[in-house]
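Chains as they are written, first to last, in my numbering: chain A, 379 to 854; chain B, 43 to 337.
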Amino acid sequence: MTETTETEAPLYAAREPIFPRRVSGWYRNLKWWIMGVTLAIYYITPWLRWDRGPNLPDQAVLVDLANRRFYFFFVEIWPHEFYFVAGLLIMAGLGLFLFTAALGRVWCGYACPQTVWTDLFMLVERWIEGDRNARVRLWSQKLSAEKVGKRALKFFVWFLIALGTGGAWVFYFADAPTLARDLVTGEAPFVAYSAMGILTATTFVFGGFAREQICLYACPWPRIQAAMTDENTLTVSYRDWRGEPRGKHRKSEAAANLGDCIDCNACVNVCPTGVDIRNGQQMGCITCALCIDACDDVMARIGKPRGLIDYVTLADGERERQGEAPVPIWRRIARPRIALYFTLWAGIGLALLAALAVRTDTTLAIEPVRNPINVVLTDGSVRNAYEIRLRNMTGHDREMRLSAAADAPLVLELQAVDGLVVTVPADQTLRQRLYLTAEPTSPAATTARVPVELAAEDVETGARTTQTTVFHGRPQ
Amino acid sequence: MADPTKPEPIEKARQRPEPGFTGHEWDGIKEYDNPLPRWWLWIFYATVVWALGYWILYPAWPMLTQATQGALGYSTRAEAAAEIVAHRERFAPLESRLMDLELAAVSDEPELLRFATAGGAAVFRNHCSQCHGAGAQGAPGGYPSLLDDAWLWGGTVDAIHETIAHGVRYDPDPLTRWSQMPAFGEILPEDEIEGLVEYVLAMSGQPHDESLAAAHAEVYEIQCAACHGLDGEGNQDLGAPSLVDGIWQYGGDRDTIRHTIVYSRYGQMPAFGERLRDVDVRKVAIYVHGLGGGQ
């Protein structure tokens, strides 16, 4: 074991506390709006109602794991239609590619739940403990009644938000009003409480304490993004060619030909991840654009044009440094790579819409029984058996009449059902065994393969669903 | 390291020297020797604590005969047993209904019928498919198909239930299905047996020697008709199969028929009434009856 010397870096480092200052401006307002809308969507959605008739739940968005159904307003997805979910996930992935290639880490800066909830938690923190300087002061104070009181109040409000967050999550998986009542009366299932508990704890810890540590150490997205941005991607940059050399512009420095940056550290003080954007591109920057607002404010006060820190592409940075005019932003966005992502993204979206439009509320699936392939009866008839599944995706029971059509005469019978009409209960799949029999005189009895079309017809509406299968006779 | 009375705001932290550069660089990407976040270390300790708790609460350490049991007494076997009990309790009303009802009346109750058929299919796969085949198609060597409409002992659901419950030629059960065809090789001379073979071939509409067959009609009537019927239609009370329906348990070709007449057959089936729960016997009877040949 080597002796630790002073030059050796420590193995572990404590988190550096960050006290972001309050900021106002265009991007901050945009972020308030996005925060409001996304949080509203998250908290309100489970409480929206959507009438689907007496046999189906009336919750607009519901993931019914027990019955394996996913309800989204007018759409009801069954497990066999999981491709819709897969398609949406692929769209989400391509959407991230699209936005990242065009606008950099716009997801991280504006819409990521970690960002939105951290923002909310910081808002509470500012309300209770004051802005940056007050918080730094409080942090460095010895324990006092004031400090304990503020901390306790802050933690309490954080806890309420966290509890609400975990609570809202479980409402997506059960009827929200019923579950809310059960949660309060202690009658909700254990899994609801444990899911709430876990999400409450993670929200509290991630939003209150981990914050930028999640972005820096836990999230893979910053690493992936490094590979997806390029020199044409809009990103938050410091116009160092305009700002440097930075200085306080004191009288004594008048001789030095200083740039626009007055080294006021406003950009650093407002940064939620504690980076200094003036050091250039870095992993810690989530492009929340708050430093742009902070710097613009300072530039306005000292009478300089805005945009010392701004959304600039790396390529435009080079051009501006050479004294050329930057390329218009729309041309940075309208380029082949973005067009390709957009085409793929929109193509999958259109395909999903088309699939949604043509899907039927009844499906007939046939599974021929091939063990054995056929049976000879005492009168010489040849019989084939089939297992069918009739899926009724509507909210009411339906009477379905089954029929079989083939070139040679075949007799259709249902197991344990007189006649050919079956009742398929609402929102269920009926399994039914049926038999096709070729009498000895029918050519089908001696033909190896007879194509058959099975049909299920709604007795009430006359809507038909057909499916083809094969009857196997016994060639002599 | 951190003194709570002395703040170390971000600006001060930034003035620290750069962490050690390892000297590794590829295409301008440098590898630094950054310190790990301290909370990462806490998570490591937390996993250690978690593991210790797990060792205490759950089966963990392999010992000589079995693993340590854990304070919670958890085992997957007990969990499975509990699930079986829960399942039984859940379906107890349907099962008691199945016990109370006449078997023939079950088909009037779609839910009960579906339940019994599904349960019977599971019982069939466990206890019947070894001989009768997974699809109930039977197997060569005397294991009859249960899909067609030819039945040795009757094809009503009650007759099928009786056969399953008491077995066939199963001595320990006094109510077992029982009959025995003599081995005619010990009774009849060889030429009469040859003639009988031709007669049975003729009855079942197969190529045969007409004169031999006609000459042995009387032998058939004396020796065979008592059980198999004058026209060979069989008798389900005696388990005597039909000889004219084109369906053969052991085979309908000349050599097999001769073998059957000379040596007889003595197929057996255990009584499942003593192996399975009563309700499971009823379920499997309903399942077999529903396979297509039930009467």
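We treat Cβ as the ideally placed atom computed from N, Cα and C, and that holds for glycine.
Please read these numbers as outputs of a predicted model, since none were measured by experiment.
{"Check": "Look up residue 488 (chain A) in the DSSP assignment and say whether it is helix, strand or coil.", "Outcome": "helix"}
{"Check": "Could you tell me whether any Cβ in chain B is nearer than 7 Å to the Cβ of residue 753 (chain A)?", "Outcome": "yes"}
{"Check": "Kindly indicate the opening and closing residues of the beta strand (DSSP E) around residue 66 (chain B).", "Outcome": "62-68"}
{"Check": "Examine chain B for any beta-carbon lying closer than 7 Å to the beta-carbon of residue 616 (chain A), and answer yes or no.", "Outcome": "no"}
{"Check": "With 9 Å as the C-beta to C-beta threshold (strictly closer), list the residues of the stretch 570-594 of chain A near chain B in chain order.", "Outcome": "587, 588, 591 and 594"}
{"Check": "Compare the beta carbon distance of residue 189 (chain B) and residue 760 (chain A) with 7 Å and say whether it is the shorter of the two.", "Outcome": "no"}
{"Check": "Since residue 192 (chain B) meets chain A, which of its residues come closer than 9 Å, beta carbon to beta carbon?", "Outcome": "755 and 756"}
{"Check": "Listed in chain order, which residues of the stretch 268-300 of chain B have Cβ atoms closer than 8 Å to some Cβ of chain A?", "Outcome": "284, 287, 288 and 289"}
{"Check": "Of all the options B:120, B:74 and B:326, which has the alpha carbon lying nearest to the alpha carbon of residue 201 (chain B)?", "Outcome": "B:326"}
{"Check": "Please confirm whether residue 433 (chain A) has its beta-carbon closer than 7 Å to some beta-carbon of chain B.", "Outcome": "no"}
{"Check": "Would you list, in chain order, the members of the stretch 136-157 of chain B that have their beta-carbon closer than 7 Å to a beta-carbon of chain A?", "Outcome": "149 and 155"}
{"Check": "In chain B, what lies closer than 8 Å to residue 389 (chain A) by C-beta?", "Outcome": "77 and 78"}
{"Check": "I want to verify the contact list: residues of chain A whose CB lies under 8 Å from the CB of residue 83 (chain B), in sequence order.", "Outcome": "390"}
{"Check": "Could you check if residue 398 (chain A) is buried or exposed, using at least 16 other CB atoms within 10 Å of its CB as the buried criterion?", "Outcome": "buried"}
{"Check": "At a Cβ threshold of 7 Å, is residue 803 (chain A) touching chain B?", "Outcome": "no"}
{"Check": "State yes or no: is the beta carbon of residue 237 (chain B) nearer than 7 Å to at least one beta carbon in chain A?", "Outcome": "no"}
{"Check": "Measuring only from the beta carbon, is residue 153 (chain B) closer than 6 Å to any heavy atom that is part of the ligand MG?", "Outcome": "Only the bare structure without any ligand can be found here, which leaves the ligand MG out of the picture."}
{"Check": "Spatial neighbours of residue 286 (chain B) within its chain, please: C-beta separation below 7 Å, excluding the five flanking residues on both sides.", "Outcome": "245, 246, 273, 274 and 275"}
{"Check": "Would you say residue 749 (chain A) lies against chain B (beta-carbon separation less than 7 Å)?", "Outcome": "yes"}
{"Check": "Please list the terminal residues of the continuous alpha helix (DSSP H) segment that includes residue 605 (chain A).", "Outcome": "599-606"}
{"Check": "Span of the alpha helix (DSSP H) holding residue 467 (chain A)?", "Outcome": "460-481"}
{"Check": "Could you check which residue in A:838, A:734 and A:464 has the C-alpha nearest to that of residue 777 (chain A)?", "Outcome": "A:838"}
{"Check": "Cα-Cα, which of A:762, A:770, A:779 and A:845 is closest to residue 822 (chain A)?", "Outcome": "A:762"}
{"Check": "List, in chain order, every chain B residue whose beta-carbon is nearer than 7 Å to that of residue 794 (chain A).", "Outcome": "149, 155 and 332"}
{"Check": "Classify residue 651 (chain A): buried if its beta carbon has 16 or more other beta carbons within 10 angstroms, exposed otherwise.", "Outcome": "buried"}
{"Check": "When burial is assigned at 16 or more other CB atoms within 10 Å of the CB, is residue 66 (chain B) buried or exposed?", "Outcome": "exposed"}
{"Check": "Taking only runs of the alpha helix (DSSP H) that begin and end inside the stretch 641-671 of chain A, which ones reach a length of at least 4 residues, in chain order?", "Outcome": "644-647"}
{"Check": "CB-CB under 8 Å to residue 591 (chain A), same chain, minus the five flanking residues each way: which ones, in chain order?", "Outcome": "393"}
{"Check": "Checking 7 Å against the spacing of the C-beta atoms, do residue 413 (chain A) and residue 497 (chain A) come in under that value?", "Outcome": "yes"}
{"Check": "Taking only runs of the beta strand (DSSP E) that begin and end inside the stretch 781-841 of chain A, which ones reach a length of at least 3 residues, in chain order?", "Outcome": "789-792, 799-802, 806-816 and 828-836"}
{"Check": "Using only alpha-carbon positions, find the residue among A:814, A:807 and A:780 that is nearest to residue 840 (chain A).", "Outcome": "A:780"}
{"Check": "When you compare the CB positions of residue 744 (chain A) and residue 603 (chain A), do they come within less than 7 Å of one another, or not?", "Outcome": "no"}
{"Check": "Since residue 694 (chain A) is in the alpha helix (DSSP H), which residue starts that stretch and which ends it?", "Outcome": "692-699"}
{"Check": "Rounded to whole angstroms, what is the Cα-Cα separation between residue 296 (chain B) and residue 321 (chain B)?", "Outcome": "43 Å"}
{"Check": "Select from A:421, A:737, A:649 and A:542 the residue whose C-alpha is nearest the C-alpha of residue 395 (chain A).", "Outcome": "A:649"}
{"Check": "Can you find a CB in chain B that lies within less than 7 Å of the CB of residue 763 (chain A)?", "Outcome": "yes"}
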